[in-house]
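A.B. asks: Have a look at the structure that comes next, please.
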Amino acid sequence: MEKPMAIVFKSNTGYTKKYAELLAEQTGLPVYSLEQSDTLSEQTPIIYLGWLMAGVVQGYKKAVKRFRVCAVCGVGMGATGSQIEDVRKNNNIGAEVPVYTLQGGFDLNRLHGVYKFMMQVMKKTAGRALAEKQDRTPEEDVMLKLLMEGGDCVSSDNLAEVVTWYEQQA
Ligand SMILES: Cc1cc2nc3c(=O)[nH]c(=O)nc-3n(C[C@H](O)[C@H](O)[C@H](O)COP(=O)(O)O)c2cc1C
């Protein structure tokens, strides 16, 4: 697979944007939001980052129509490195394309409309279930705290695997 020449992302509340910018710093690649990526030539090889909604990498379908997507990063509330096979399946990402998941953040105040409503429900249902769970894993503790209090888990350390993969591309 050829070496990516740009980073393209779609973010709703800013966490995916933060990862895309950190990745740009670490790789030296230019970074574009999907909305502003019209200036990039069609079939440019890219790394795509999109926020996760119900397991779907937002904007990926559009990105794959226009660019050569060399790697996909889904940014969600789950732990970095979790849900990878689900994300690959839900989004029909071929086995030759590496998939990474990165833990983003959650801020109910940055959400609007139906997204806000969905997460209010999620907070009540999944939040309550997690709160009542006796033997929570450390990852579940983080998730519970995120859901209840909101928070930002974006860190450049979470990008280590993506950066290593990028550096290995010819
Ligand atoms: C409606 C909705 C559905 C979501 N579904 C998932 C999901 O399936 N898996 C996950 O890990 N995170 C999920 N999240 C959490 C977001 O992906 C997470 O907050 C992410 O950091 C948002 O990135 P952004 O700030 O770039 O928009 C969901 C959030 C919303 C609002």
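Residue numbers (the working numbering): 142 to 311. A virtual CB, placed ideally from N, CA and C, is assigned to each residue, including glycine. Just so we're clear, the structure is a prediction, and the values are computed from it rather than from any experiment.
(1) Mind checking who Ala195 pairs with in its DSSP beta bridge?
(2) Taking only heavy atoms of ligand 1 into account, decide whether any of them is closer than 7 Å to the Cβ of Ala195.
(3) Which runs of the alpha helix (DSSP H) fall wholly inside the region 187 to 264 and span at least 4 residues, in chain order?
(4) Where do the ends of the alpha helix (DSSP H) carrying Val283 lie?
(5) Taking 7 Å as the cut-off, does the CB of Leu252 come closer than this to any heavy atom belonging to ligand 1?
(6) How big is the Cα-Cα spacing for Gln310 and Gly268?
(7) Count the other CB atoms, across all protein chains shown, that sit within 10 Å of the CB of Ser182; report buried if there are 16 or more and exposed otherwise.
(8) Leaving aside the five residues before and after Met284 along the sequence, list all residues of the same chain whose C-beta is less than 6 Å from its C-beta, in chain order.
(9) Look at the Cβ atom of Met142, then the Cβ atom of Glu273, and state whether they are nearer than 8 Å.
(10) Measuring straight from C-alpha to C-alpha, what distance separates Leu287 and Asp293?
(11) Can you tell me where the alpha helix (DSSP H) holding Ala165 begins and where it ends?
(12) Spatial neighbours of Val240 within its chain, please: C-beta separation below 6 Å, excluding the five flanking residues on both sides.
(13) Ligand 1 and Gly219: does any heavy atom of the ligand fall closer than 7 Å to the residue's C-beta?
(14) Just how far apart, CA to CA, sit Tyr173 and Phe150?
(15) Taking 7 Å as the cut-off, is the C-beta of Ser297 nearer than that to any heavy atom in ligand 1?
C.D. replies: According to the structure shown:
(1) For this step, residue 195 is matched to residue 54 along the sequence shown. Paired residue(s): none; Ala195 is not in a bridge.
(2) Taking the first residue of the sequence shown as 1, we reach residue 195 at position 54. Because some heavy atom of ligand 1 lies under 7 Å away, the Cβ of Ala195 counts as near it: yes.
(3) List check, alpha helix (DSSP H) in window: 201 to 207, 225 to 231.
(4) The sequence position of residue 283 within the sequence shown is 142, counting from 1. Here the alpha helix (DSSP H) through Val283 covers 279 to 290.
(5) The sequence position of residue 252 within the sequence shown is 111, counting from 1. Yes; taking the cut-off as 7 Å, the Cβ of Leu252 has a heavy atom of ligand 1 nearer than that.
(6) In the sequence shown, counting from the first residue as 1, residue 310 sits at position 169. In the sequence shown, counting from the first residue as 1, residue 268 sits at position 127. Those two C-alpha atoms are separated by around 41 Å.
(7) Stepping through the sequence shown from its first residue, residue 182 is reached at position 41. The residue in question, Ser182, is exposed, as its Cβ has fewer than 16 Cβ neighbours within 10 Å.
(8) Mapped onto the sequence shown, residue 284 falls at position 143. Once the five neighbours on either side are set aside, Met284 has no close Cβ partner at all.
(9) Taking the first residue of the sequence shown as 1, we reach residue 142 at position 1. Taking the first residue of the sequence shown as 1, we reach residue 273 at position 132. Not in contact: Met142 and Glu273 (Cβ atoms no closer than 8 Å).
(10) Within the sequence shown, residue 287 is the residue found at index 146, counting from 1. Within the sequence shown, residue 293 is the residue found at index 152, counting from 1. So the two alpha carbons sit approximately 8 Å from each other.
(11) Locating residue 165 in the sequence shown gives position 24, where the first residue counts as 1. Boundaries of the alpha helix (DSSP H) around Ala165: 156 to 168.
(12) Residue numbering aside, residue 240 sits at position 99 when the sequence shown is read from its first letter. Answer for Val240: Val213, Ile225, Val228, Arg229, Ile234, listed in chain order.
(13) For the purposes of this step, residue 219 is taken as residue 78 along the sequence shown, with counting starting at 1. Result yes, Cβ under 7 Å from ligand 1.
(14) Working through the sequence shown from its first residue, we reach residue 173 at position 32. Working through the sequence shown from its first residue, we reach residue 150 at position 9. Cα to Cα, Tyr173 sits roughly 6 Å from Phe150.
(15) Here residue 297 corresponds to residue number 156 of the sequence shown, with the count starting at 1. Answer for Ser297: no, Cβ out of range of ligand 1.
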